[in-house]
Structure formats: C-alpha cells, structure tokens
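Undergrad: Once you know that position 589 of the sequence shown is 994 in the working numbering, the rest is easy, because the numbers rise by one and skip nothing.
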Amino acid sequence: MFTEKSSSKLRDVLFSPNTNLDNIAHDLKSLDLTDIEKIKELSKKQQIMSDHLIDQFAINLEAFEKYMPDIAKTFKNYKPEKTMEFFCADNGIPNLIFIENNDILYKTFDPFELCKKQITNIISNNNITQTRYGIEKDPYGQLHFKYLKSAVQIDESVKRDYSITAKKIGSVPNCVLLGVGLGYELAYLYEQVEVANLILVEPDLDMFYASLYAFDWANLLKFLSDNKLGIHLMLGQSPEKFYQDMTKFYDIHGRFLTGTWLGIVHYSNNKIKAIAEILIKDYESMHAAMGFFDDHLFGTSHAISNVLSGKSFVLKEPKLPENLASLPVFIIGSGPSLDNDIEFIKKNQDKAIIVACGTALETLYHAGVKPDIYACTERTPEISESLDMIPDKEFIQDMILLTGDVVHPKTTARFKHTAIFGKIDEPFIKYVAALSEQFRKIRCVQLMNPLVGNMGVSGMLYLGFKNLYLFGLDNGKKIGTDYTLHSQYTATYKEHGNQTSRGVYKLTNIVPGNFGGTVESNYFYKLSAHNIDFILRIFKNEEKVEVSCVNCSDGALIDSAKSMHSYELNFDNIQNINKSEVFDCLVNEITGPIEVPKGFFEEIFYKNEFNSAVDKISSLIRKRVSSRTEAIQLMEHVSEIDYYLRANAATYFIGNSLEGSLQTYFIIGARTLYNSLDEKQCLEKFHKIMDVIADFLDETKSIYSHMPNYSLGEHRKYHKGGKVGKDYPTTPATRLPRIRHLKDKYDDPLKKFVKKYK
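#1: For the putative contact between residue 549 and residue 699, defined by C-beta atoms under 8 Å, what is the C-beta separation to the nearest angstrom?
#2: Per the DSSP calculation, residue 756 is bridged to which residue(s)?
#3: Just to confirm, are residue 664 and residue 692 a CB contact at a threshold of 9 Å?
#4: What's the gap between the Cα of residue 636 and the Cα of residue 605?
#5: Using C-beta distances below 7 Å, list every residue in its chain close to residue 944, excluding the 5 sequence neighbours before and after it, in chain order.
#6: Quick check for students: name the residue ranges of the beta strand (DSSP E) that lie wholly in the region 637-698, counting only runs of 3 or more.
#7: What distance in whole Å lies between the Cβ atoms of residue 780 and residue 807, which are believed to be in contact at a cut-off of 8 Å?
#8: Between which two residues does the alpha helix (DSSP H) containing residue 632 stretch?
#9: Looking at the secondary structure, which residues open and close the beta strand (DSSP E) in which residue 954 lies?
#10: Could you work out which residue in 702, 1009, 553 and 684 is closest to residue 582 when comparing CA atoms only?
#11: Pull the bridge partners of residue 576 from the DSSP assignment, please.
#12: Excluding five sequence neighbours on each side, which residues of the same chain lie with their C-beta closer than 8 Å to the C-beta of residue 784?
#13: Should residue 547 be labelled buried (16 or more other beta-carbon atoms within 10 Å of its own) or exposed?
#14: Mind checking which residues open and close the alpha helix (DSSP H) that includes residue 1017?
#15: Could you name the residues that DSSP lists as bridge partners for residue 822?
#16: What's the C-alpha gap between residue 902 and residue 1151?
#17: Would the beta-carbon of residue 1142 fall within 9 Å of that of residue 726?
#18: Let me know if residue 863 comes out buried or exposed under the rule of 16 or more other beta-carbons within 10 Å of its beta-carbon.
#19: Could you spell out where the alpha helix (DSSP H) holding residue 1061 opens and where it closes?
#20: Under 8 Å: do the region 987-1001 and the region 739-753 share three or more Cβ pairs, one atom per stretch?
#21: Could you spell out where the alpha helix (DSSP H) holding residue 489 opens and where it closes?
#22: So residue 1160 packs on residue 775, CB below 8 Å; how close in whole Å?
#23: Is it the case that the Cβ atoms of residue 756 and residue 980 are separated by a distance below 9 Å?
#24: Do residue 1090 and residue 631 count as a contact pair if the criterion is CB distance below 9 Å?
#25: If you draw a straight line from the C-alpha of residue 435 to the C-alpha of residue 627, how long is it?
#26: Between the beta-carbon of residue 1169 and the beta-carbon of residue 1023, is there less than 9 Å?
#27: For residue 764, list the residues DSSP reports as bridge partners.
#28: Using the three-state DSSP reduction, which class does residue 505 fall into: helix, strand or coil?
#29: Does DSSP put residue 476 in a helix, in a strand, or in coil?
#30: Closest to residue 764 by CA distance: which of 731, 1010, 754 and 737 is it?
#31: Quick check on the burial criterion: 16 or more other C-beta atoms within 10 angstroms. Buried or exposed for residue 883?
#32: For residue 1031, name the three-state secondary structure that DSSP assigns.
#33: Does residue 974 come out as helix, strand or coil in the three-state DSSP assignment?
#34: What are the residues that DSSP puts in a beta bridge with residue 1139?
#35: Would you mind working out which of 712, 643, 657 and 666 sits nearest residue 678, comparing C-alpha positions?
#36: Buried or exposed for residue 534, please, with buried defined as at least 16 other CB atoms from any protein chain shown within 10 angstroms of its CB.
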C-alpha cells in the first residue's frame, strides 16, 4: 500500500505559509493592534451588528434543534470560559477580540476576504491526499488478492493527473477542517467545492459558541440536509478523545474515506496544533492493517481449533501480582543492532524475563540466551517449520508461547504451554464473547501487528508487565552502517542471504533514528514502530499504568520509549529473578483452557443469513450513479449497512468478515473517482470496480460455507482444478501458488543449546 502524500508533506500542506491565516492577513490591510481601546469603543457603538448577532444565534439554535439536537442542548445556556467581545470595522463584518490578552481572531478589516483567500489558496494549490494500492502477490490462494488485482488494474488503466486540485475537480469526498473560527470559511468552501463529508474539529467550545452568533449555520445545515451531504462536528475534544471519536466516525461511515481526503487548518493555537500532530501521525493508521475476508476466516478457524485442542488462553482475572509485574522484561527482535547488545543480554539473562520475538528465537539459540517466552503473530503454517529448524528439541519445551487466537494450530501444537490472547481487531473473540460467557473470561490484546515485535510489546503489557527493555526491534536499517536486516546470529538469514531490496523487506522510506541519524524503513516497519508507540501511549494515558519502556535498539525512533544504549544500563545491583515463580503464575493462574459445549461452533455461522447479506450488498453495488458524490454516498451506504451487521450480535461475524476487503476495494474505487477531471471516465472505471466487488461478494458465499473448517493450508482442498475459486465475468480464476516452505533444508551445526553469559 502506498500513500500519495507522505506525513512530512502532509505537515507542509496543513501548515503551509500560503494557507496560514496570519500570513495571509499580512497581505491585507491590517488593524492597528496597538489601539485596542478604539476598537472596543467602536464595538460598543455598533448596535445594529449586536442585534443581528442575537437574531442569528436564535435562528442557528433552532436549526440545530432540528438537525443536531445535542449541539443545541449544549449551547442553549452555554457560559463561555473566556471573555470575548464582537466588534466590527466600518464594513459591519463581525470580528472577535479576546479581552484577557487583547488578541484578535482575524487580524484584518475584512474577515470575509481573509477567509475566502485562505480557502481559495488551499483548494487551488493542494492535491487531494490519496492512498494507492499496488498488486500484491498472493502466497496462499485467497479470494481477496484475486479480486484486488482486478480492481488495481482498472485503477491503473488510466494515468493519474497529478495536477488535479480540489478547486479544479469541484468535489471532495472527505474534508477534515481543524478550527471553526467564526465559520466564515465554510461559506467559501461550499461555494467552490462539493464536500461529501466534512469533519469539523473545534477543541475550544467558546469558539464554536461564538460562531453561532456570527455565521449562518441554519442555511448551511439546511443545504447539507437537502443535498444529503454529511457533516460531523467534533467539539471540545482533547487530542486523545479526538482520535477515538474520529475512528468511531469512520468505523460507521467507512474507513475508505480516510484514503481520499483534504485537510485544512483554519486557525492555529496549541490545541489545534496538538490535534494536527495526531492527524499527521495517526490518520493513515485508521485504514492500515484492516485485514481481509480470507484472513478472517483463517484466523477464526485457527482460534476454534486452539480452543478445541485445550490450549491455554490469557484470562482477565486474576491480575499479575505487583512483585512480578515490576520485573525487568527483555523484548528481543532479530534486528541487526541486536549484535551491539547481545553481550549485555547474555550477562543479564537471569535478571530479566526474556521474550524472543519471531526469528529472534533462533538468534538467541545460537547466541546462548535462553528465552522464557516466544512471541508469535503469524497465522501461517510455516512458523512451525521454523521451530523445527532448531535441532535441540528441549530448547522450547519449557517456553510459553505468547500469541493471539489466530495463530495456526500447527504452531500451538509445538508448545505445551501457551498464553493466547483474543485478537480484538479480528471478528472471532467479540463474536463468541457475545454468545458464550466462557469467552468473556479471555483477555484481549490490541496492536499485536504488523510485526512480531508488536506482539512482544503488546503481549507483555497486557499480561501485566510494565518494565520493558527493547533490543533488536530496529524496524529498518541505520543509514551509515553496513547492517543487513537481521542479526548475524540468525543462521537462516546468514546461510541463505538476506533480501533487502524486495518484498516486505524493500526499504522505501527514511525515518528518524533512535540514537539520532536516520533509518531506512518501509510501510510495515513504520507501522510497527507507530503501533509500539501507540500501545505505550494507551497504557500511560488510558489504562493509567506507569509503564517504563527503554529502547536500546539502534533503529527507528519510538517516541514514547526512552532511548538508551545497553552500555548505559546498570544491572549490577539487580538480583537474579525467580523464573519458576513467574512461570507457575503465568501457567497456573494467568492462563487457562476454555471449555465449550460439543457442537457449539457448528451452529454459530448462520450461513443463510450471510448469503442474504451478501446478495443485498451486491445489489446496491451494481447500481449506477451519475456523479462522484453519489458514488461516495453509495459506498458510505454500504459501509453503514456493514456497520449495522457488526453492531448486532447475531450478524457481527458476517459484517466483520466482509469489512476489511470491502473497505480496501472502496479505497481503490474512491481513488479512481478522482484520477482525472473527466468525471464520465472516472465513473466508468468506478462502475467496473463495483462490478469486481459484486463478483467477489458472490464468490465469498462458497468459501463461507466451509466454516468453521477453513484453516490456512488446508483450505486448498476446497479449490478445485489447481485454481483459486472459479471464473467470474470481471475476474478469472488464478492459479493456486505452490505450497510454501519457510526455507530449504539447513543442517544447523549447533545440535545442543549451551547457555552463555559472556
């Protein structure tokens, strides 16, 4: 997946000097800001303006009572915290002064002209930010990739016109506006551009209250209602609450909207800047790693198999005792900088709980470090092969597998002890928890993807540990080093070479380094670092847990972790920990199996209801629309139907299994709508993509019929003739890829693990 504007460019767009109110105001006739008393005297004399403001407030309040009653209720008897006064120049246009600091909102005689110039600059000079998907290799034989290829080919069949601006095209599917001011900019925005959805964010309730006096909200609300255009007001939010509310909005109306959008900062202060920083940093994550149809069916089938085989899940109660929660935890990836820290880890391995993330298990085997916990995220069957590559079978016997419920049964079968979380962003755990009290006992994990280091960090936090040290979680390659992407102790990569120029390892971005400098990274590495930072923020800000996280990795910067070299850590006075006590607590108290009645899983998938839902959505998607905005509204309508399915316990799994693929295809559809100025051509391509989606939906019915027995690898038996599914009008059946194996045979010379302290 690619985004047309990187976050650094997005920052330039949002805070461009050409769109900043203060800079624009300097081009206009400015007020004499030293003569505040004259301004205040003028404001008192203008009774006509005052009468108009009072009348406008009453009209607006009545309109909000009709269209948004909660807003009307909030502001009907609202008392501002700040002392504000309206004033105007000879032109009679209301402006606002804040008495405490003698600050004026619009530093110009003509606020109308100032707002018009700002909006015109933005929509005339900035492209709409869009996400672009490429054709992805299908490693296993999955419907999602089969139809994704068709949709991408349609999108790429017309060369994108990069000169398009919102002004030229006259339409925007989604606009995020930070800061309402007095609302004047809204008139000029809608005058020049049709905005299918506006998200207006105003953290200062006083400011929105003032806009109710100055701006004609009543006519705007009526216009939006008459034309079925969407508006979502986010008022008074803290930066943290802002992200939650915005995520909820897109969850209901379609995450595809975050793939094609325009951002505007109307005015700036510390609160607006804090929210803009979150928008720049986290906006793309709202449609990142959404999952897809086949993946959800695989994960659900795996989770059911893990339950039925009696594997242990992490339980909500009891909590980890405080004396264990504060123990040091070394979370170790196999990034190249691990080689800098391996001597420290070997020396202190008895003083910390050792978590091996993915291939770090093999790395530590060769380095002489004995892990206590093995973290795994992948639902693929090849992971079990990686475990088989370690010659000493006793090495993993007393380890605990830390993972999510989607992990492949072949992997869990390798471990006697498991700590399996419910993966909260997959449909299984929420669905079965609504149907059976037994599943409500399971603790869930957030942000355990996209890479295995995320499982290490999130998993240990949700187990209850709060004193973390990160090693080898580089998420890229430090510029100026001759590193490969894995530690020299990782025999698999050392023996067979390391592909750093293709696939998931291709490095396409530059990010700040943990110890200064810069790091070559890519989409998944960046998302991994982002998610580690995000989960640390969640625990500190929402869970109110005093988490300490020290990042010793010489790779990508993680903002919420403390940067320290291992040679700066002093463990000399730290005692060896009682690992048997930790092990007994995790195995006998914190985790346990889940018991369900026989036949429970055979009855919960409601296959007839799935077919009916798919047919309804397909009939809507095949409808023809006559404008870009109608196309956006069609995809919103389908997204809202899917949300309705997810909001009901009986159909939750149906809606959730479809959402990721639908939203991915809709992102491509929305992108196609804004490829060129030729609306007719764009709609023609859009309708072709909708036909692809309809064919995809029809074929999902045959796959869904096999639930709950659709494990990855075993699923191939349901595809006949060596092809993925069957031919459809828009999309021919693709060939099943060859069965994957993690690596060729490798005869590891280290037959017996030897623990080393130096």
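Even for Gly, the Cβ is constructed at its ideal location relative to N, Cα and C.
TA: This is what the structure holds:
#1: In this structure, residue 549 and residue 699 form a Cβ contact; the two beta carbons are roughly 5 Å apart against a cut-off of 8 Å.
#2: Beta-bridge pairing by DSSP links residue 756 to no other residue.
#3: Yes, the Cβ-Cβ distance between residue 664 and residue 692 is below 9 Å.
#4: If you take the alpha carbons of residue 636 and residue 605, they lie about 7 Å apart.
#5: Non-local beta-carbon contacts of residue 944 in its own chain, meaning distances under 7 Å to residues more than five positions away in sequence, involve 866, 950 and 952 in chain order.
#6: Taken in chain order, the unbroken stretches of beta strand (DSSP E) that lie wholly in the region 637-698 and span 3 residues or more are 665-670.
#7: 5 Å between Cβ atoms; contact.
#8: Run containing residue 632: none; DSSP gives neither H nor E here.
#9: In the DSSP assignment, residue 954 falls within the beta strand (DSSP E) that extends over 953-956.
#10: Here the closest residue by C-alpha is 684.
#11: BP columns for residue 576 point to 599.
#12: For residue 784, the CB contacts under 8 Å within the same chain, skipping 5 residues up- and downstream, are 700, 703, 704, 707, 811, 812, 813 and 1117 in chain order.
#13: By the beta-carbon neighbour count (other beta carbons within 10 angstroms, threshold 16), residue 547 is buried.
#14: Note, residue 1017: alpha helix (DSSP H), 1012-1026.
#15: For residue 822, which the question treats as bridged, DSSP gives the partners 805.
#16: Confidence at residue 902 is low in this model, with a pLDDT of 43, below 50, so the placement of that residue is unreliable and no value is reported for it.
#17: Not in contact: residue 1142 and residue 726 (Cβ atoms no closer than 9 Å).
#18: With 16 or more other Cβ atoms within 10 Å, it is buried.
#19: That run of the alpha helix (DSSP H) goes 1057-1078.
#20: With a cut-off of 8 Å, the region 739-753 and the region 987-1001 do not count as touching, because too few Cβ pairs lie within range.
#21: Counting along the chain, residue 489 falls outside any alpha helix (DSSP H), though it belongs to the beta strand (DSSP E) covering 489-492.
#22: Between residue 1160 and residue 775 a beta carbon distance of about 5 Å is seen, short of the 8 Å cut, so the two are scored as contacting.
#23: If you check the CB distance, residue 756 and residue 980 come in under 9 Å.
#24: No, the pair does not count as a contact, with Cβ atoms beyond the cut-off.
#25: Only weak support is given to the placement of residue 435: the predicted model assigns it a pLDDT of 48, under 50, and the value that follows is read from those uncertain coordinates. CA-to-CA, the gap between residue 435 and residue 627 works out to about 35 Å.
#26: Here the chain comprises residues numbered 406 to 1163, so residue 1169 is not present and cannot be evaluated.
#27: Beta-bridge pairing links residue 764 to no other residue.
#28: Under the three-state reduction of DSSP output, residue 505 falls in the coil class, being neither helix nor strand.
#29: Three-state result, residue 476: helix.
#30: Checked all of 731, 1010, 754 and 737; the closest Cα to residue 764 is 737.
#31: It is buried - the Cβ of residue 883 has at least 16 other Cβ atoms within 10 Å.
#32: In the three-state reduction of the DSSP assignment, residue 1031 falls in the coil class.
#33: In the structure shown, the three-state DSSP call for residue 974 is coil.
#34: Note: residue 1139 sits in a beta bridge opposite 1129.
#35: Of the candidates 712, 643, 657 and 666, the one whose C-alpha sits nearest the C-alpha of residue 678 is 643.
#36: Residue 534 is buried by the Cβ-count criterion.
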